[in-house]
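*Asks:*
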Amino acid sequence: MAPKALVTGASGLLGREVAKSFEYAHWEVVGTGLTRPNPPSIIKLDLLNGEDIKRVLDEEKSAQRILLVLPVQPLCSELRLNIGKIHNDFEHMNYQAYSTIGAANRFPDSCTKDPDAARAINVVSTGTLASEAYKRSIVLIYISTDYVFSGKPGEAPYTTSSPTGPPNVYGETKLEGEQAVLEATKGADKGVLGVILRVPVLYGRPEATDTAPSAVYAIVEAVRKAGRLKESEASVKVDDYGIRFPTATEDVGRVCVDIAKLYSEQAKAGSGQNDLPRILQFSSSDKYTKYDMAKVFADIVGLPTNKIAAWDPTKDEEEAKSTTVRPYNTQLDTSALKNLGISTSSLNFVAWW
Numbered sequence: 001m002a003p004k005a006l007v008t009g010a011s012g013l014l015g016r017e018v019a020k021s022f023e024y025a026h027w028e029v030v031g032t033g034l035t036r037p038n039p040p041s042i043i044k045l046d047l048l049n050g051e052d053i054k055r056v057l058d059e060e061k062s063a064q065r066i067l068l069v070l071p072v073q074p075l076c077s078e079l080r081l082n083i084g085k086i087h088n089d090f091e092h093m094n095y096q097a098y099s100t101i102g103a104a105n106r107f108p109d110s111c112t113k114d115p116d117a118a119r120a121i122n123v124v125s126t127g128t129l130a131s132e133a134y135k136r137s138i139v140l141i142y143i144s145t146d147y148v149f150s151g152k153p154g155e156a157p158y159t160t161s162s163p164t165g166p167p168n169v170y171g172e173t174k175l176e177g178e179q180a181v182l183e184a185t186k187g188a189d190k191g192v193l194g195v196i197l198r199v200p201v202l203y204g205r206p207e208a209t210d211t212a213p214s215a216v217y218a219i220v221e222a223v224r225k226a227g228r229l230k231e232s233e234a235s236v237k238v239d240d241y242g243i244r245f246p247t248a249t250e251d252v253g254r255v256c257v258d259i260a261k262l263y264s265e266q267a268k269a270g271s272g273q274n275d276l277p278r279i280l281q282f283s284s285s286d287k288y289t290k291y292d293m294a295k296v297f298a299d300i301v302g303l304p305t306n307k308i309a310a311w312d313p314t315k316d317e318e319e320a321k322s323t324t325v326r327p328y329n330t331q332l333d334t335s336a337l338k339n340l341g342i343s344t345s346s347l348n349f350v351a352w353w
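Mind the numbering: the sequence shown is residues 1 to 353 in full-length UniProt numbering, read in order.
Here is the structure:
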């Protein structure tokens, strides 16, 4: 009988790719979603309802252990657009155009505006899920973020043991989610049943229902807007300060499968050993600012870049008033994965689009 994976948030960008990766690896996969369930492949689960979590775990747990993969939650996740569709879809997009693309319209802002909601999904529900999974001897992989680190100049790359220092509510709640998982699964008698996987900003293939704005959608809109500007009009400013390491959801899915195989085998053996690390990190090595990405997108679709201006938010008085602080560089060290024999190779950002 094939091992079983229960993937929460399976109707979202990352969750879909994680589910596909387990299917390709011949696991039995059951996904969960709240607003877009599609039985039997995606069942409805309200992660804010503890009784609902217990019900689903009991219904899906078989004689074998099941693995829980917890993707980045919808409240503060990021959606990505396949640039291959940009040229045809430009006139059909209905996203607000920005004259400055920096902090605008990103999910960390939604966490800052509603910290209680952020903690409910990123911390409380995560803790409940981890606790109930542990009671049933289920391995759980919690997807976290590079935003648990401060990202101050000179600090990166960060190892799994580097001091944390989240710069905003999003990072704070994801770190608290990590702590909830580690606390709920700290027993020494069952082996490692809870593992954290930190990842950076993601991109992947969306579906028509993925309508939430994101950093990359904003960059795409910036490129589109810049291409329409007259010479006399002001250029579109795009962040050329913060360094990002965009990573494909396909790669994250593959790494999740590799982690699942290793950790579930140890749990299945019932050895009670705790020699596997409880925190892991994965990232591509592709290094870009948003301005760099804008130039890539413009080149792909054949639009001019003369009206796209590099912008440093640290020198902008209005941006300084923002309550959502963003890090400069949160590059993740992936040596912990390599030490386990798990490949940290990744798709090339430009080639993928």
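All C-beta atoms in this analysis are idealised placements derived from N, C-alpha and C, irrespective of residue type, glycine included.
Just to check my reading of the structure: L57 and T8 have Cβ atoms closer than 8 angstroms, yes? What is that Cβ distance to the nearest angstrom?
*Replies:* Between T8 and L57 the Cβ distance is about 11 angstroms, and since that is not below 8 angstroms, they are no contact.
*Asks:* Identify which residue in W27, K54, Y24, G12 has its Cα closest to the Cα of N38.
*Replies:* Nearest option by C-alpha distance: G12.
*Asks:* State the beta-bridge partners of Y158 as determined by DSSP.
*Replies:* Note: Y158 sits in a beta bridge opposite L332.
*Asks:* Pair every Cβ in the stretch 300-311 with every Cβ in the stretch 250-263, then say whether three or more of these pairs are closer than 8 angstroms.
*Replies:* Counting Cβ pairs under 8 angstroms, fewer than three are found: no touch.
*Asks:* Nearest to residue 365 by alpha carbon, out of G171, V29, P153, K315?
*Replies:* Residue 365 is absent from the structure shown; the chain starts at 1 and stops at 353.
*Asks:* Tell me the DSSP secondary structure of D191 in three-state form.
*Replies:* A quick correction: the sequence has Gly, not Asp, at residue 191. DSSP places G191 in coil when its eight states are reduced to three.
*Asks:* By a C-beta neighbour count over all protein chains shown, 10 Å radius and 16 as the cutoff for buried, is E60 buried or exposed?
*Replies:* Classification of E60: buried, given that the 10 Å Cβ count is 16 or more.
*Asks:* At which residues does the beta strand (DSSP E) containing E265 begin and terminate?
*Replies:* Per DSSP, E265 belongs to no beta strand (DSSP E); it is in the alpha helix (DSSP H), 249-269.
*Asks:* What three-state label does DSSP hand G84 in the structure shown?
*Replies:* Since pLDDT at G84 reaches only 45, below the 50 mark, its modelled position is unreliable, and no value is offered.
*Asks:* Just checking my contact of A156 with N329 at CB under 8 angstroms: how many whole Å lie between their CB atoms?
*Replies:* Rounded, the Cβ-Cβ distance is 4 angstroms, consistent with contact.
*Asks:* Excluding sequence positions up to five away, which residues of its chain have a Cβ less than 7 angstroms from the Cβ of A120?
*Replies:* So the qualifying residues of the chain are L48.
*Asks:* At the level of alpha carbons, what is the spacing between I342 and T126?
*Replies:* For I342 and T126, the distance between alpha carbons rounds to 25 angstroms.
*Asks:* What's the C-alpha gap between T247 and A25?
*Replies:* Roughly 21 angstroms between the two C-alpha positions.
*Asks:* Can you tell me where the beta strand (DSSP E) holding A5 begins and where it ends?
*Replies:* Note, A5: beta strand (DSSP E), 4-7.
*Asks:* From P40 to A234, what does the alpha carbon distance come to, in whole angstroms?
*Replies:* Cα-Cα distance, rounded: 52 angstroms.
*Asks:* Quick one: is D251 buried, meaning 16 or more other Cβ sit within 10 Å of its Cβ, or exposed?
*Replies:* D251 comes out buried.
*Asks:* Pick out whichever of K268, L337, A336, S284 has its Cα sitting closest to the Cα of S137.
*Replies:* It is K268 whose Cα lies nearest to the Cα of S137.
*Asks:* Let me know if G187 comes out buried or exposed under the rule of 16 or more other beta-carbons within 10 Å of its beta-carbon.
*Replies:* Classification for G187: exposed.
*Asks:* Let me know the secondary structure DSSP gives I138 once reduced to three states.
*Replies:* The answer is coil: DSSP assigns I138 none of H, G, I, E or B.
*Asks:* In the structure shown, what three-state DSSP assignment does R326 receive?
*Replies:* DSSP places R326 in coil when its eight states are reduced to three.
*Asks:* Taking just the CA atoms, how far does W352 sit from R205?
*Replies:* If I take the Cα positions, the gap works out to 10 angstroms.
*Asks:* Thinking C-alpha only, which one of Y291, K4, N168, A10 is nearest F149?
*Replies:* Among Y291, K4, N168, A10, the Cα nearest to that of F149 belongs to N168.
*Asks:* Quick one, which of D240, L34, P327, P277 has its alpha-carbon nearest V195's?
*Replies:* The residue with the shortest Cα to Cα distance from V195 is P277.
*Asks:* What distance in whole Å lies between the Cβ atoms of V223 and A298, which are believed to be in contact at a cut-off of 8 angstroms?
*Replies:* That belief holds up - the Cβ atoms of A298 and V223 are roughly 5 angstroms apart, short of 8 angstroms.
*Asks:* When you compare the CB positions of L68 and A133, do they come within less than 8 angstroms of one another, or not?
*Replies:* Taking 8 angstroms as the Cβ cut-off, L68 and A133 qualify as a contacting pair.
*Asks:* Classify T314: buried if its beta carbon has 16 or more other beta carbons within 10 angstroms, exposed otherwise.
*Replies:* When all chains shown are included, T314 counts as exposed.
*Asks:* So, at 6 angstroms on beta carbons, what are the nonlocal neighbours of G50 in its own chain, with the 5 sequence-adjacent residues on each side left out?
*Replies:* Cβ neighbours of G50 beyond the five flanking positions: T128.
*Asks:* Find the nearest neighbour of R254 within the set A2, M1, G15, judged by alpha-carbon distance.
*Replies:* It is G15.
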